[in-house]
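431 is the number that the numbering used here gives to position 174 of the sequence shown; each next residue is one higher, with no gaps. Heads up, the thing below is written out as structure tokens.
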Amino acid sequence: MERWRGRVAMVTGASSGIGRAIARMLIGAGMRVAITGRREERLRELAGEGGETMILVTDLRDPASILRAFERVRSAWGGVDVMINNAGLGHRAPLVEGDHEAWREMLEVNVLALCICTREAVRDMRRRGDDGHVVHVSSMAGHRVPPGSGVYSASKYAVRSLTEGLRLELRALGSDVRVTAVSPGFVETEFHAHYLGSEDAARETYARFPVLQPEDLADTVKHVLSLPPRVQVHDVLVRPTRQPT
Numbered sequence: 258m259e260r261w262r263g264r265v266a267m268v269t270g271a272s273s274g275i276g277r278a279i280a281r282m283l284i285g286a287g288m289r290v291a292i293t294g295r296r297e298e299r300l301r302e303l304a305g306e307g308g309e310t311m312i313l314v315t316d317l318r319d320p321a322s323i324l325r326a327f328e329r330v331r332s333a334w335g336g337v338d339v340m341i342n343n344a345g346l347g348h349r350a351p352l353v354e355g356d357h358e359a360w361r362e363m364l365e366v367n368v369l370a371l372c373i374c375t376r377e378a379v380r381d382m383r384r385r386g387d388d389g390h391v392v393h394v395s396s397m398a399g400h401r402v403p404p405g406s407g408v409y410s411a412s413k414y415a416v417r418s419l420t421e422g423l424r425l426e427l428r429a430l431g432s433d434v435r436v437t438a439v440s441p442g443f444v445e446t447e448f449h450a451h452y453l454g455s456e457d458a459a460r461e462t463y464a465r466f467p468v469l470q471p472e473d474l475a476d477t478v479k480h481v482l483s484l485p486p487r488v489q490v491h492d493v494l495v496r497p498t499r500q501p502t
């Protein structure tokens, strides 16, 4: 990670879970880290742990809010070198009876916001020496469709397409910017309480077998970023050892 010391990262969804763990890892590696999320108190707690951070209270459903976040980073630090598109959410909203506003929120956060963040970050990276890395935190739901999760899975299948699409665009430009998607299985975060509708249901899910911890994904991202510039790890699937699907 020495090559990234002193350089700039942005992490979406840094107020909890995987995003928080990745932000901590990047801060520990000596990067300047812009942490985004909607819960300012959580972001301030993370910033209070030390390191050089910038708190960006951002609504990813609002493109103007995203653009303001990037302008603040450019004004203070010159732009972004590592983009961690971590923020994402899921609703139990099947196609046959789901609420269209739940579908809209998943597509706006999981797909459209990721596209905007990627575009803005790559603009910075190309201007700052054409050397950077975009990491999408996707999901195993982008590789198979759990029952009732068609729309959520569709949003994560879109991330797979966007990852390959970005790789091809960067190659056509002769760019050295790299792109990686990391697709975790069950991770102990706030996701399942939100998706399943209760903390009890989430605890029951996590009790089936030892599940991943957010730090496991931070370690995965650290490995990908640490590889030599000639190496691009494109797609990483990370399951708990005992996860059957």
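All C-beta atoms in this analysis are idealised placements derived from N, C-alpha and C, irrespective of residue type, glycine included. Quick caveat: nothing in here was measured; it's all calculated off a predicted structure.
Residue 337 beta carbon less than 8 angstroms from that of residue 378: Taking a C-beta distance under 8 angstroms as the contact criterion, residue 378 and residue 337 qualify as a contact pair.
Three-state class that DSSP yields for residue 382 in the structure shown: helix
Opening and closing residue of the beta strand (DSSP E) in which residue 494 lies: Going by DSSP, residue 494 is part of the beta strand (DSSP E) stretching over 492–495.
Nearest-angstrom Cα separation, counted from residue 429 out to residue 298: So the two alpha carbons sit approximately 42 angstroms from each other.
contact_flag[the region 310–323, the region 423–441] where n(CB pairs < 8 angstroms) is 3 or more: Touching, no.
Own chain partners of residue 339 with C-beta closer than 6 angstroms, once the 5 adjacent residues on each side are dropped: Setting aside the 5 residues that flank it on each side, residue 339 is surrounded in the same chain by 266, 390, each with a C-beta closer than 6 angstroms to its C-beta; the list follows chain order.
Entirely enclosed beta strand (DSSP E) segments - the region 372–459, minimum 3 residues: Runs of the beta strand (DSSP E) inside the region 372–459: 390–394, 435–441.
Residue 294 - DSSP class collapsed to helix/strand/coil: strand
With 16 other Cβ atoms within 10 Å as the buried cut-off, status of residue 319: exposed
Segment limits, alpha helix (DSSP H) that includes residue 350: Where residue 350 is concerned, there is no enclosing alpha helix (DSSP H), given that its DSSP letter is neither H nor E.
Distance CB(residue 399)-CB(residue 406) smaller than 8 angstroms: no
Residue from 464, 364, 483 whose Cα sits closest to the Cα of residue 499: 464
Buried versus exposed call for residue 459 [16 or more other C-beta atoms within 10 Å across all chains shown]: buried
Identified DSSP bridge partners for residue 482: Beta-bridge pairing links residue 482 to no other residue.
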